[in-house]
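Visitor: Chains as they are written, first to last, in our numbering: chain A, 4 to 544; chain B, 787 to 1109.
This is the structure I want to talk about, given as structure tokens.
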Amino acid sequence: MRHIIRRITDKAFTILTGTSVVLLTFVLLIVLGPMVWRGAKAVLFKDTVEFRKMQLDLYNRGNPESLKIETAESESFRKTVYEIVDDFKHGIDTEELIDRTKQIYRQLGKELRYKKITDKEYQRIRLLARDLRDRLQAAFESNDEKIIKENIDYVLQYRLDENLADTAAVEFFTLAEDFLKAAENIDLNKRQQYAGSLQQVEELINRLLGPKPSDAVPALTMDRYGATRWDLAQKLLDQLLWSEQWIKQETGQPLVKIRVSRAEEFAGTKLEPLFGYVENNLNKMLKPEFTVYWQYFIDDSTAGHYFGGVGPEILGTLLLTLLAMLFVFPLGVISAAYLVECASDNIAIRIIRMCINTLAGVPSIVFGLFGLAFFVLFFIPLFGGPSEPCILAASLTLAVLTLPVMIRASEEAIRSVPQAYKEASLGLGASRFRTFVKVTFPVALPGILTGVILSLSRVAGETAPILFTGAIALGPVPKSLFDPTRTLSYGSYDIAVGDRLAMMVPHNQYGMVVTLVLVILCLNAIAIILRARVFRKLRGH
Amino acid sequence: MDDIVRNDTKPAAGTGQSLVLTPLQDLGGFLFHHLGRLLLFLITCSSVLLVLLIFFFVIREAIPFLTKFSLTEFLTTKSWYPEAATPKFGALSLIVGSLYVTIAALVFAVPTGILAAIFLSDIVLLKIRDFIKPVIEILAAIPSVAYGFFAVLVLAPWMQNKWGFTTGTNALNASIILSIMALPTIISVAEDSISAVGRELREASYGLGATRFETIFKVIIPAAHSGIIAAIVLGMMRAIGETMVVWMASGNANQIPSPWWDLSQSVRTMTATIAGDMGETPKDSPHYWSLFAIGVVLLVMTFLLNIISEYFLASAKRKTGKS
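Shown next as structure tokens:
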């Protein structure tokens, strides 16, 4: 019996330890899986004609001729959409109509001033026009069919008035006729409700297809184009076809969200066919095509990373890491060489080793504080540099941070050079310095490079040390070492938490962080392969 | 010139040039050797210099704070209103917040890490081990900001929408991610120390008829306990000094959770406070100095943990060296 319990405990324990490793693998998949999947959409996706327009405008990419043909084709399908909306709007959007009557009235006033008429006539026409304007406005604002009819009829009886012929006031009558027609088609009581929903529809169409060709070019780049991606277009289409409403089902219960078809909401109006039309013709209006947007890795981005890529971020990360390596490589290798070749186990060496360990344990944010207090505020100004966060300060901070990694890796590499090599060299009469430079160092170099790559990958991902020493979220590409720079790591933070605009473009959010992770994993993969080769070589195979 | 003469015209070794060094050459070699050594020593001392510089400069910026405000108030009160008209600098809830997420992270990470270390060192075949090692290496290589990104944009919405938390960014979120980040450190150090327990002990135990479970729990873990403690301390260092993850995932609410076991509340840590506030503080203001004072607290904490971990690592080395 006891024996069985012992065996069961043993098996259970084995399974438990195995589970922990399975859990680790699972965690890795959970962390990387969704990020990589969503991040890949920044590069691989179905683009639309709007995307190609944007590429041509911002980066001068693509063929203008064929794009022009494509645009013309898609515009021919879009025209119907605008027509339907405009047609429907006449009866609904009274604010616009009222504004128009005011404009007409003002224009009429201007026209009359240059006409050769008596004061009396002038007064009469002015008064009449004001009367017509007010009547029209009353008609537009009313929900009562009777009042509308009355007012419109009143306006229309002056249609043939000679005084008004050939003036701006003629448009009053077209407005009145259009409105009468529109008012017959719609339920006037629902006008208020329509107006709100119509605004949403217009906004969605604007985001889907971009601003109307007749409108002025918007100031913000992000407003200049419709849906640049097919997945985004489909999300917008869904919002266009279905509106979400919160309704109360039972008192005391939370509100329930339901989806209402907009086609039903606008049933019987002129807008109803719009939804079917957009749904069926979205393909033709946007012309989706599968694309590999590899320029994501070199493009600059527009405000909030709405369009474009991570080029400046990659450049900044490379600059920082390579500069840091430049500083730390000689220091690390020499320290390691001394520790392996010259040092005996005395108190000085023990202190040095302890300091290296301490340095390795200092929290990264404290390195940031140190970089700010020392490099930014003290060291660089000491040599006449600006006392501002800059690339130089950030890379020096990163160099300090990675020094222990570098020393340990080089130490290991130098230590792993077989003693026989050194003894052979020393036996031939070479000095110890010469032995190190000519024999030990070349043999250890691949191992040291492995360390270099590993510290590169560590440095590339560090964010906290460069927060106050040289990283910015938005800004120009740096021109000198005394400018701050954007980096992938800080950019990933900012795009996840700091930037509201970025929430609208999840593919760019994930794209940034996946780029960072990929850079680091590639560096690690190189290091692992290199290490395996060195290992084999030193074993003598 | 000498070289050519030696190599071409007089092949016999030592005929052209004496192998015995002249006094001058001797002196030169002596000087080169010792001066070079000294130079290398000085360069190597740069690590010492850097550590001193870090302590000096971080403490220097914190000193004005310590002279103007009371240290006891800083360490024992909970109200942290650095920008108020009469600013209050009570960092207790920040220190507690840091320890809180760290310890919660260790609760997840230590059992998993030690089990995984045992699995790798004692249970699994070498071939499978070669597949698992990269998983741990990748987990260690993923930068902290990417973990923070995951915490904010993937884990937090899950927690809020699917698991019914009131807020997705809370102590639980931060400590889960911190435990993932501490795991590679814990596993690799613990595995090293468990592997370092020699074959002899294992074989002796198996030879007496013990099962694997008994061998591991009664022989190997007691023998490797120093190394395992060192692994835990190193994992703790990693977690307490972590900035980006806690800044992004912990919710940054300046409070001590009550009841104390309620992980679903937001907390704020020392590192996150430094990272979040430094960008908005003018230089040489009380707020600025106070952030450096927090930095000093962090520095001292990690320094102490470092000494502890070194003590245990050294004792582990001594033990396995003897056996």
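Note that CB positions come from ideal geometry on N, CA and C, so glycine has one too.
#1: Below 7 Å on C-beta distance, what does LEU372 of chain A contact in chain B?
#2: For ASP218 of chain A, is the classification buried or exposed, using 16 other Cβ atoms within 10 angstroms of its Cβ as the cut-off for buried?
#3: Hey, how far is the Cα of ASN284 of chain A from the Cα of ILE120 of chain A?
#4: So, is PRO315 of chain A buried or exposed, given that buried needs 16 or more other C-beta atoms within 10 angstroms?
#5: Only counting runs of 4 or more residues, tell me where the alpha helix (DSSP H) segments fall wholly within the segment 885-966 of chain B, in order along the chain.
#6: By the DSSP assignment, the beta strand (DSSP E) with TRP249 of chain A in it spans what residues?
#7: Just how far apart, CA to CA, sit LEU826 of chain B and SER434 of chain A?
#8: Below 9 Å on C-beta distance, what does ILE1006 of chain B contact in chain A?
#9: With DSSP as the reference, label THR177 of chain A as helix, strand or coil.
#10: Can you list, in chain order, the residues of its chain with a C-beta nearer than 7 Å to that of TYR157 of chain A? Leave out the 5 residues immediately preceding and following it.
#11: For a contact defined as C-beta to C-beta under 8 Å, what are the partners of MET1064 of chain B on chain A?
#12: Please name the residues in the segment 7-22 of chain A whose beta-carbon is closer than 9 Å to at least one beta-carbon of chain B, in chain order.
#13: Measuring straight from C-alpha to C-alpha, what distance separates CYS393 of chain A and THR953 of chain B?
#14: Please confirm whether LEU524 of chain A has its beta-carbon closer than 8 Å to some beta-carbon of chain B.
#15: Less than 7 Å between C-beta atoms, sequence neighbours within five positions excluded: which residues of the same chain meet that for ALA427 of chain A?
#16: Assign THR324 of chain A to one of three DSSP states: helix, strand, or coil.
#17: Could you check which residue in A:TRP249, A:GLU114, A:PRO407 has the C-alpha nearest to that of THR170 of chain A?
#18: Any Cβ of chain B within less than 8 Å of the Cβ of CYS358 of chain A?
#19: Anything in chain B within Cβ reach of ILE355 of chain A, meaning under 8 Å, just list it in chain order.
#20: For chain A, check one thing: does any of its Cβ atoms lie closer than 8 Å to the Cβ of LEU892 of chain B?
#21: With a cut-off of 8 Å on the beta carbons, I'd call ILE368 of chain A and ALA467 of chain A a contact; round off their distance for me.
#22: Grouping DSSP H, G and I as helix and E and B as strand, with all else coil, what is ASP788 of chain B?
#23: Going along the chain, which residues of its own chain have a beta-carbon closer than 7 Å to the beta-carbon of LEU47 of chain A, five neighbours each way excluded?
#24: Any idea if CYS358 of chain A is buried or exposed, counting beta-carbon neighbours within 10 angstroms, 16 or more meaning buried?
#25: Alpha carbon to alpha carbon, what distance is there between LEU243 of chain A and LEU274 of chain A?
#26: Output the distance between the C-alpha atoms of PRO970 of chain B and ALA363 of chain A, rounded to the nearest integer angstrom.
#27: Using a Cβ-Cβ cutoff of less than 7 Å, which residues in the same chain neighbour ILE1002 of chain B once the five nearest sequence positions on both sides are dropped?
#28: Could you spell out the range, first to last residue, of the beta strand (DSSP E) harbouring ARG262 of chain A?
#29: How would you label PHE386 of chain A, buried or exposed, when you count the other beta carbons within 10 angstroms and need 16 or more for buried?
#30: Which residues share a DSSP beta bridge with LYS874 of chain B?
#31: By the criterion of Cβ-Cβ separation under 8 Å, what are the contact partners of GLY1027 of chain B in chain A?
#32: Please report the straight-line C-alpha distance between GLU923 of chain B and PHE917 of chain B, rounded to a whole angstrom.
#33: Which residues in the same chain as ALA339 of chain A place their Cβ atom closer than 7 Å to its Cβ, once the five residues preceding and following it in sequence are excluded?
#34: Which residue's Cα is closest to the Cα of VAL837 of chain B: A:ARG356, A:THR254, A:ASN166?
#35: Check each residue of the segment 280-308 of chain A: if its Cβ is closer than 7 Å to any Cβ of chain B, include it; give the result in chain order.
#36: From TRP40 of chain A to SER69 of chain A, what distance separates their C-alpha atoms?
Guide: By the coordinates alone:
#1: Counted from its first residue, the first sequence places residue 372 of chain A at position 369. Within chain B, the C-beta atoms nearer than 7 Å to that of LEU372 of chain A come from VAL844, ILE1060, PHE1078, GLY1081, in chain order.
#2: Locating residue 218 of chain A in the first sequence gives position 215, counting from the first residue. Classification for ASP218 of chain A: exposed.
#3: Position 281 of the first sequence, counted from the first residue, corresponds to residue 284 of chain A. Position 117 of the first sequence, counted from the first residue, corresponds to residue 120 of chain A. When rounded, the separation of the alpha-carbon atoms in ASN284 of chain A and ILE120 of chain A is 55 Å.
#4: Here residue 315 of chain A refers to the residue found at position 312 when the first sequence is read from its first residue. Buried, by the Cβ-count rule.
#5: Fully contained in the segment 885-966 of chain B are the following alpha helix (DSSP H) runs of length 4 or more, in chain order: 912-927, 930-936, 942-947.
#6: By 1-based counting over the first sequence, the position of residue 249 of chain A is 246. Taken as a continuous stretch (DSSP letters only), the beta strand (DSSP E) holding TRP249 of chain A covers 245-250.
#7: For the purposes of this step, residue 826 of chain B is taken as residue 40 along the second sequence, with counting starting at 1. For the purposes of this step, residue 434 of chain A is taken as residue 431 along the first sequence, with counting starting at 1. The alpha-carbon atoms of LEU826 of chain B and SER434 of chain A are separated by roughly 16 Å.
#8: Within the second sequence, the letter at position 220 stands for residue 1006 of chain B. In chain order: nothing, as chain A lies at least about 12 Å away.
#9: Along the first sequence, one-based indexing puts residue 177 of chain A at 174. Here DSSP, grouped into helix, strand and coil, assigns THR177 of chain A to helix.
#10: To locate residue 157 of chain A, count along the first sequence from 1; it is residue 154. Excluding positions up to five away in sequence, the list reads ARG138.
#11: On the second sequence, residue 1064 of chain B is found 278 positions in, with the first residue counted as 1. The answer, in chain order, is GLY371, LEU372, LEU375, LEU470, PHE471.
#12: Per Cβ criterion, the list reads ARG9, ARG10, THR12, ASP13, LYS14, ALA15, PHE16, THR17, LEU19, THR20, GLY21, THR22.
#13: As a first step, residue 393 of chain A must be located in the first sequence, where it is residue number 390. As a first step, residue 953 of chain B must be located in the second sequence, where it is residue number 167. Whole-angstrom Cα-Cα distance: 37 Å.
#14: Within the first sequence, residue 524 of chain A is the residue found at index 521, counting from 1. Interface residue, yes.
#15: Residue numbering aside, residue 427 of chain A sits at position 424 when the first sequence is read from its first letter. Taken in chain order, the list of residues that qualify is empty.
#16: Start at 1 with the first residue of the first sequence, and residue 324 of chain A comes out as number 321. Looking at THR324 of chain A - three-state DSSP - the assignment turns out to be helix.
#17: Translated into the one-based positions of the first sequence, residue 170 of chain A becomes position 167. Of the listed residues, the one whose Cα sits closest to THR170 of chain A is A:GLU114.
#18: Stepping through the first sequence from its first residue, residue 358 of chain A is reached at position 355. Residue contact with chain B for CYS358 of chain A: present (Cβ-Cβ distance below 8 Å to some residue of chain B).
#19: Walking along the first sequence from the start, residue 355 of chain A turns up at place 352. Per Cβ cutoff of 8 Å: THR830, CYS831, SER833, VAL834.
#20: Mapped onto the second sequence, residue 892 of chain B falls at position 106. False, the Cβ-Cβ gap to chain A never drops below 8 Å.
#21: The sequence position of residue 368 of chain A within the first sequence is 365, counting from 1. The sequence position of residue 467 of chain A within the first sequence is 464, counting from 1. At roughly 4 Å, the Cβ-Cβ gap stays under 8 Å, so ILE368 of chain A and ALA467 of chain A are in contact.
#22: Locating residue 788 of chain B in the second sequence gives position 2, where the first residue counts as 1. At ASP788 of chain B, the pLDDT of 43 sits below 50, so the modelled position is not reliable and the matter cannot be decided from this model.
#23: Indexing the first sequence from 1 puts residue 47 of chain A at position 44. Contacts found: VAL295.
#24: One-based indexing of the first sequence puts residue 358 of chain A at position 355. Counting Cβ neighbours within 10 Å, CYS358 of chain A comes out buried, since at least 16 surround it.
#25: On the first sequence, residue 274 of chain A is found 271 positions in, with the first residue counted as 1. On the first sequence, residue 243 of chain A is found 240 positions in, with the first residue counted as 1. In this model, LEU274 of chain A and LEU243 of chain A are separated by some 12 Å (Cα to Cα).
#26: Residue numbering aside, residue 970 of chain B sits at position 184 when the second sequence is read from its first letter. Residue numbering aside, residue 363 of chain A sits at position 360 when the first sequence is read from its first letter. Going from the Cα of PRO970 of chain B to the Cα of ALA363 of chain A covers about 16 Å.
#27: Within the second sequence, residue 1002 of chain B is the residue found at index 216, counting from 1. Correct list, in chain order: ILE904, ASP908.
#28: Within the first sequence, the letter at position 259 stands for residue 262 of chain A. Where ARG262 of chain A is concerned, the enclosing beta strand (DSSP E) stretches over 259-264.
#29: As a working note, residue 386 of chain A is residue 383 in the first sequence. Classified as exposed, PHE386 of chain A has fewer than 16 neighbouring CB atoms from the shown chains inside 10 Å of its CB.
#30: Numbered from 1 along the second sequence, position 88 holds the residue referred to as residue 874 of chain B. When beta bridges are read from the DSSP output, LYS874 of chain B appears opposite B:TYR867.
#31: The residue given as residue 1027 of chain B occupies position 241 in the second sequence. Neighbours of GLY1027 of chain B on chain A, chain order: GLY364, VAL365, PRO366, SER367, ILE368, VAL369.
#32: Translated into positions along the second sequence, residue 923 of chain B becomes position 137. Translated into positions along the second sequence, residue 917 of chain B becomes position 131. Using only the alpha carbons, I get a separation of about 11 Å.
#33: Walking along the first sequence from the start, residue 339 of chain A turns up at place 336. Correct list, in chain order: ILE410, SER413, GLU414, ILE417.
#34: For the purposes of this step, residue 837 of chain B is taken as residue 51 along the second sequence, with counting starting at 1. It is A:ARG356.
#35: Listed by position along the chain: nothing, the set is empty.
#36: Looking up residue 40 of chain A in the first sequence gives position 37. Looking up residue 69 of chain A in the first sequence gives position 66. C-alpha separation (whole angstroms): 32 Å.
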